[in-house]
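To start, the structure itself, in structure tokens.
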DNA sequence: TGAGCCATATTGCCGCAACATTACGGAAAG
DNA sequence: CTTTCCGTAATGTTGCGGCAATATGGCTCA
């Protein structure tokens, strides 16, 4: 589970991050709307948590743009404006939940959990490419009818590749998906993961091509 | 036996909790409708006891939503409004029992017991995985024809694993199931319980696999 | 066309964190 | 007082995943 936190108050952000990580939720933290849009582009987050008031504007204004980039991304808005009218305004703009400050950190965790469970309850959405099926709900995968045993990093990488199957995924995007934004990565660790992934999914009619100088591309073999 | 109590009057809640726990009933206590819905999502409760009047509304309004999340969950509504008309209104909305305040605590215990005994859909249903049979009604279990002697915590953990047999159960979900929502848990207590559970159910054709970094998975051996 | 370079592939190694198991002791129940 | 349960910690075990050494293959430029 990987979420995007958009919050300009440093202290609050730190508190949230430590609380969320204690619940095994990976957090990427940015402080402006602009950075938020870039982060959403990467397509690696399961939920976005937006502070409403940010240095470069009201976060409600970018919700439609976020939706355009990634349809169905659950969005939670945090705000000092807790009056019911504003609450409704937030929800109508497309947020999935609206949390008024001050709030108890554990409540945010609970809401995130609730939103995470939601899609799983409606339908376990799965994406199939060739003989490879990837379940976005729980990160499980099957190839040729056989379930695959994937490690955590492998799941993160495959998730992104599958979501953009048929299109090239930049190496930097994959690195961001598998590691945090912050974590610097030395050596060719990503290559190693791709290599292992290839071996595991190879039996199917799916291949991970490398696009020299750019990144990787997952597609069904012709 | 694990129930959800939704009650905003602290004193009454405390009294109920101590009475229920004396009867070996584990209680999770929340104070608002919103929190109640989140708690129901976890799917670990056998009965919900709702105070009708709560800070964020009339609890009757969320009964349909509870039913949508967990069909067949028995619901008892507590209320100061004891007139017959309102009583009927409560039952029509989907509550299974309607208790007027003031009431004797023992009566609530008796009603809970009654609802558990009820030949209800879920209450007496048993789930079998491999050679392991788990009775959701009373928490008893058998393996290979022999009844198992499980402790309270073991029952709570196994119940969740059995309900989601074949799918990975996050460590955090298990912790919520075995302990309360509030209780923080240090050290590796959950691991210890899993270990003891494994030993007890091992004779069967069922295994509890650990999914590194995620949680546990119960499934029949191939 | 061939040499050389650089991006990517593959594989083994090994540290370390997650998990397993067991023993112990306190606490509560009977 | 005895027994059972369960939280804790000590110790053992496993396997993920980062790193690097080596191999391979494609691109460029003479």
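Residue numbers (this note's numbering), protein chains in the order written: chain A, 1 to 222; chain B, 1001 to 1222. A virtual CB, placed ideally from N, CA and C, is assigned to each residue, including glycine.
Determine the chain A residues that contact residue i at a beta-carbon separation under 9 angstroms, and present them in chain order.
i, result
"residue 1022 of chain B", "Correct list: empty, because the minimum Cβ distance to chain A is about 28 angstroms."
"residue 1167 of chain B", "138 and 140"
Measuring only the C-alpha atoms, how far is residue i from residue j?
i, j, result
"residue 1201 of chain B", "residue 1167 of chain B", "18 angstroms"
"residue 69 of chain A", "residue 63 of chain A", "10 angstroms"
"residue 57 of chain A", "residue 21 of chain A", "28 angstroms"
"residue 1067 of chain B", "residue 1074 of chain B", "9 angstroms"
"residue 207 of chain A", "residue 42 of chain A", "22 angstroms"
"residue 1013 of chain B", "residue 1034 of chain B", "17 angstroms"
"residue 1143 of chain B", "residue 76 of chain A", "45 angstroms"
"residue 1130 of chain B", "residue 1165 of chain B", "10 angstroms"
"residue 83 of chain A", "residue 1186 of chain B", "Residue confidence for residue 83 of chain A is low, a pLDDT of 49 falling below 50, so the modelled location carries little weight; the figure read from the coordinates is stated next. Going by the C-alpha atoms only, they are around 38 angstroms apart."
"residue 146 of chain A", "residue 1060 of chain B", "46 angstroms"
"residue 54 of chain A", "residue 37 of chain A", "13 angstroms"
"residue 1010 of chain B", "residue 1179 of chain B", "21 angstroms"
"residue 205 of chain A", "residue 221 of chain A", "5 angstroms"
"residue 18 of chain A", "residue 48 of chain A", "17 angstroms"
"residue 1199 of chain B", "residue 1023 of chain B", "29 angstroms"
"residue 1109 of chain B", "residue 1016 of chain B", "9 angstroms"
"residue 1097 of chain B", "residue 1141 of chain B", "29 angstroms"
"residue 212 of chain A", "residue 1212 of chain B", "33 angstroms"
In the DSSP output, what is residue i paired with across the bridge?
i, result
"residue 1055 of chain B", "Answer is none; residue 1055 of chain B lacks a bridge partner."
"residue 215 of chain A", "A/170 and A/211"
"residue 1146 of chain B", "B/1143"
"residue 1223 of chain B", "With chain B covering only 1001 through 1222, there is no way to say anything about residue 1223 of chain B."
"residue 3 of chain A", "A/27 and A/47"
"residue 128 of chain A", "A/133"
"residue 220 of chain A", "A/206"
Would you say the beta carbon of residue i comes nearer than 6 angstroms to a heavy atom of the ligand ZN?
i, result
"residue 134 of chain A", "The ligand ZN is not part of this structure, which contains no ligands at all."
Comparing alpha-carbon positions, which option in the options lies nearest residue i?
i, options, result
"residue 46 of chain A", "A/192, A/52, A/159 and A/59", "A/159"
"residue 169 of chain A", "A/221, A/217 and A/31", "A/217"
"residue 5 of chain A", "A/50, A/12, A/163 and A/14", "A/50"
"residue 1029 of chain B", "B/1023, B/1053 and B/1002", "B/1002"
"residue 1175 of chain B", "B/1188, B/1164 and B/1163", "B/1188"
"residue 162 of chain A", "A/133, A/12 and A/9", "A/133"
"residue 1151 of chain B", "B/1139, B/1034, B/1144 and B/1145", "B/1139"
"residue 1148 of chain B", "B/1196, B/1059 and B/1012", "B/1196"
"residue 1171 of chain B", "B/1027, B/1210 and B/1007", "B/1210"
"residue 1079 of chain B", "B/1007, B/1198 and B/1164", "B/1007"
"residue 154 of chain A", "A/205, A/194 and A/40", "A/194"
"residue 214 of chain A", "A/191, A/199 and A/205", "A/191"
"residue 1025 of chain B", "B/1053, B/1156, B/1205 and B/1199", "B/1156"
"residue 52 of chain A", "A/38, A/32 and A/40", "A/32"
"residue 1219 of chain B", "B/1173, B/1128 and B/1179", "B/1128"
"residue 113 of chain A", "B/1173, B/1105 and B/1109", "B/1173"
"residue 40 of chain A", "A/65, A/10, A/55 and A/212", "A/65"
"residue 1177 of chain B", "B/1111, B/1027, B/1016 and B/1015", "B/1027"
"residue 1044 of chain B", "B/1015, B/1136, B/1109 and B/1199", "B/1136"
Residues in the segment 138-163 of chain A having any Cβ partner in chain B nearer than 8 angstroms: If you check each beta-carbon in the segment 138-163 of chain A against every beta-carbon of chain B, the ones closer than 8 angstroms belong to 138, 140, 151 and 152.
Residues from the segment 1190-1221 of chain B in contact with chain A, defined by Cβ distance under 7 angstroms: Going along the segment 1190-1221 of chain B in chain order, one finds 1213 with a Cβ nearer than 7 angstroms to chain A.
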